[in-house]
Every structure is written in structure tokens, then in C-alpha cells.
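*Asks:* Everything in the sequence shown is counted per my numbering, starting at 12 for the first residue and increasing by one.
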Amino acid sequence: MQTAGVSTPREIHIERKTFRGADGTPVVAVEGLHLVLPPGSLTALIGPSGCGKTTTLRIVAGLDTDFEGRIVLPPDPRIGFVFQEPRLLPWRTVEQNVRLVLDRPDDADPGPLLESLGIADMRGRFPTELSLGLARRVSIARALVIRPDLLLLDEPSASLDEATAGRLRALILQVWSDYRPTTLLVTHNIREALTLADRLVLLAPRPGRVVGEVILDRPQPQRDDTWIEATRADLVRRFPGTVA
Numbered sequence: 012m013q014t015a016g017v018s019t020p021r022e023i024h025i026e027r028k029t030f031r032g033a034d035g036t037p038v039v040a041v042e043g044l045h046l047v048l049p050p051g052s053l054t055a056l057i058g059p060s061g062c063g064k065t066t067t068l069r070i071v072a073g074l075d076t077d078f079e080g081r082i083v084l085p086p087d088p089r090i091g092f093v094f095q096e097p098r099l100l101p102w103r104t105v106e107q108n109v110r111l112v113l114d115r116p117d118d119a120d121p122g123p124l125l126e127s128l129g130i131a132d133m134r135g136r137f138p139t140e141l142s143l144g145l146a147r148r149v150s151i152a153r154a155l156v157i158r159p160d161l162l163l164l165d166e167p168s169a170s171l172d173e174a175t176a177g178r179l180r181a182l183i184l185q186v187w188s189d190y191r192p193t194t195l196l197v198t199h200n201i202r203e204a205l206t207l208a209d210r211l212v213l214l215a216p217r218p219g220r221v222v223g224e225v226i227l228d229r230p231q232p233q234r235d236d237t238w239i240e241a242t243r244a245d246l247v248r249r250f251p252g253t254v255a
């Protein structure tokens, strides 16, 4: 992993990522994927299941180093990762789970962040006492409490009903606007991407590769259902098989 200045773009260059199939045959998951993430931007990677979206996030986070290419990030980057599942420690309270990622857990007060996510009154509860939607908020707080240089979001509203997902997206947008971390969102939900992102990067089916980029000029607060549906229909027409 190479380093870049704090104010410079983050760069993703994955020439090839290969897995071994059950029979030992190599399967190319991602090939020729090149992205530049401007500081403070929110980029959404969208595409069908199996196109390498989550694999790309894991490579960027340094969780998968077995690939051909390079990732360029600031020196000693602080990376916040919101996984598809909350991954909370069941024997720790909400606040303790959030503090786990801090270098010195007793020094920081996550209270304002918990307040902005609507879970301040649950800081003493345990994960088993939370709904999936609330647990997702805790995982977002855990990712943001370190003030990340790069925030990675992997299907943050997966398995939630649309009403709960809509509330969670609004909270994500609110805290992202407050903190403005450079963000890479992975989703197959086009509504989620059109609600949150300022740029879409569309991936082809396996092997994942960029087939298009779309800049979303309309400010996020002005994106109503009519605009989202019209934009979705246009993307389906322009990128069949990638956007549903």
C-alpha cells in the first residue's frame, strides 16, 4: 500500500484479483478496476451480485492483500469500515463497542456522535437488546468515532425494510455531511446510491470492472422520489445488466 498526502485523492488500482474455485480453477473476481476518490467525496460502487464490490472494499481496507495492483492512501490512514453485518461484541455495551476502535478508549467521548445517530440513550445497552437497524447505527458510530480519512460502507441498509432503510440513509447523510470523510459505498440498491452518493461508479458482472461513471450534480437534500425514479430509469436504459 502506497501513501499520499492527507489532502490528495485516494487511489484504487486493482489490476487483477483471483480466487480459487471449489475445484481449484482460478476465478477472476476483479480486473482492471481503477478509481480516484477526491477528498470529501462520497462514491458509490454499484453492480450485480458477484461483481467484486465487497472484494474491492476488503482490498482497500487492507484485509485482502493477495491481489495485483496498488492502493494509494495517506500515511497511517484511519479507515472506518461498516460491514454488511454490525459485528458487535455481544458482551460489550453500545458505548464499549464504539470505544473499542480508539487507541485510548477512555479519552474520547462518543456522546455527540451517538446523539447525532439517535442512540445516545442506548449507550448502556447490549447488542442483544437492539434491533438490526439500531445495531447498524452502532456500527456506523464505531466507524466514525476515529474521524476516518476513509470511510467504507458495505451495503449499510441490507436486510432492512424500506422505511427503516430510509431512516438509516438519512442519518448516514447527516453524519457524513457533519464529518465529510472520503467515502466509498458499496451497494446493489440503486435508491441507496442515488440518495447518498455524489458519484456513481458502475461495475460489470464478474470480473468486476468499471463500465461507467455518473456525476450526481443535484444536492442530496433535493433528491425526491420523482428525481430518484427518473434517474434510475435512465441508468437502467444506459447500463442494462448493471442497474436494476
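For every residue, glycine included, the Cβ atom is placed at its ideal position computed from N, Cα and C.
(1) Have a look at R21 and V93 and give me their C-alpha separation to the nearest angstrom.
(2) Put A15 into one of helix, strand or coil per three-state DSSP.
(3) Contact check, G51 vs R191 under 8 Å by CB: the rounded distance?
(4) Measuring alpha carbon to alpha carbon, tell me which residue in L44, D236, L227 is nearest R27.
(5) Can you tell which of T67, D114, I25 has the C-alpha that lies nearest to the C-alpha of R158?
(6) Let me know the secondary structure DSSP gives T65 once reduced to three states.
(7) Would you be able to state if there are at least three C-beta pairs under 8 Å between the region 73 to 84 and the region 221 to 229?
(8) Can we say the region 150 to 167 touches the region 87 to 102, given the rule of at least three CB pairs closer than 8 Å?
(9) Out of curiosity, what's the CA-to-CA distance linking A40 and P59?
(10) Decide if the region 136 to 146 is in contact with the region 102 to 114; the criterion is three or more beta carbon pairs, one per stretch, under 8 Å apart.
(11) Do we get a CB-CB distance below 8 Å when we pair T206 with the residues of chain B?
(12) Going by Cα to Cα distance, which pick from I82, P97, D117, Q185 is closest to G129?
(13) For V38, collect the residues of the same chain with a Cβ closer than 6 Å to its Cβ; drop the 5 residues on either side in sequence, then sort them by chain order.
(14) Work out the CA separation of R248 and T206 for me, nearest whole Å.
(15) With distance defined between alpha-carbon atoms, name the residue in R180, W187, S188 nearest to T198.
(16) When DSSP builds the beta bridges, which residues end up paired with E343?
(17) Cβ atoms of L171 and L143: under 8 Å apart, would you say?
(18) For a quick check, are the C-beta atoms of L195 and R148 less than 8 Å apart?
(19) If distances are taken between C-alpha atoms only, which option among R229, V212, Q107, E173 comes closest to R202?
(20) Taking A208 and V156 to be in contact with their CB atoms under 8 Å, please state how far apart those CB atoms are, rounded to whole angstroms.
(21) Given a cut-off of 8 Å on the beta-carbon distance, is the pair V109 and A152 in contact?
(22) Have a look at G219, I239, R220 and flag the residue whose alpha-carbon is nearest the alpha-carbon of D228.
(23) Just to confirm my understanding: we take G122, look at its own chain, exclude 5 residues before and 5 after, and list those with CB closer than 7 Å. What are they?
(24) Strictly by DSSP, which residues pair up with P59?
(25) Using 10 angstroms around the beta-carbon of S168, count the other beta-carbons present and answer buried if the total reaches 16, otherwise exposed.
(26) Straight-line CA distance for A241 to D34?
*Replies:* So, from the listed chains and residues:
(1) Rounded to the nearest angstrom, the two C-alpha atoms are 18 Å apart.
(2) With a pLDDT of 47 at A15, under the threshold of 50, the predicted position of this residue should be treated as unreliable, though the coordinate-derived value follows. Here A15 sits in coil by DSSP.
(3) Between R191 and G51 the Cβ distance is about 5 Å, and since that is below 8 Å, they are a contact.
(4) Closest in C-alpha terms to R27, from the list L44, D236, L227, comes L44.
(5) Selected option, being the one with the closest Cα: D114.
(6) DSSP places T65 in helix when its eight states are reduced to three.
(7) Proximity of the region 221 to 229 to the region 73 to 84 falls short of the contact definition, fewer than three beta-carbon pairs being nearer than 8 Å.
(8) Between the region 150 to 167 and the region 87 to 102 there are three or more inter-stretch CB-CB distances shorter than 8 Å, so the stretches are counted as touching.
(9) So the alpha carbons of these two residues sit roughly 13 Å apart.
(10) As far as the Cβ criterion goes, the region 136 to 146 touches the region 102 to 114, which means the pair count is three or higher.
(11) Protein chain content of the structure displayed is limited to a single chain, and chain B is not contained in it.
(12) Ranking I82, P97, D117, Q185 by Cα distance to G129 puts Q185 first.
(13) The answer, listed in chain order, is F30, G32.
(14) Taking the CA atoms as reference points, T206 sits about 19 Å from R248.
(15) Put simply, of R180, W187, S188 the residue whose alpha carbon is nearest the alpha carbon of T198 is R180.
(16) For residue 343 there is no data in the structure shown, the boundaries of the chain being 12 and 255.
(17) Taking 8 Å as the cut-off, the Cβ atoms of L143 and L171 count as close.
(18) Contact: no.
(19) The shortest C-alpha separation from R202 is found at E173.
(20) Not quite, the Cβ-Cβ distance comes to about 23 Å (not below 8 Å), so this is no contact.
(21) Against a cut-off of 8 Å, the Cβ pair of A152 and V109 comes out as a contact.
(22) Minimum Cα distance to D228 is reached at I239.
(23) Within the same chain, G122 has close Cβ partners A131.
(24) According to DSSP, which records beta bridges pairwise, P59 is partnered with nothing at all.
(25) Buried: at least 16 other Cβ atoms inside 10 Å.
(26) Straight-line measurement puts the Cα of D34 at about 44 Å from the Cα of A241.
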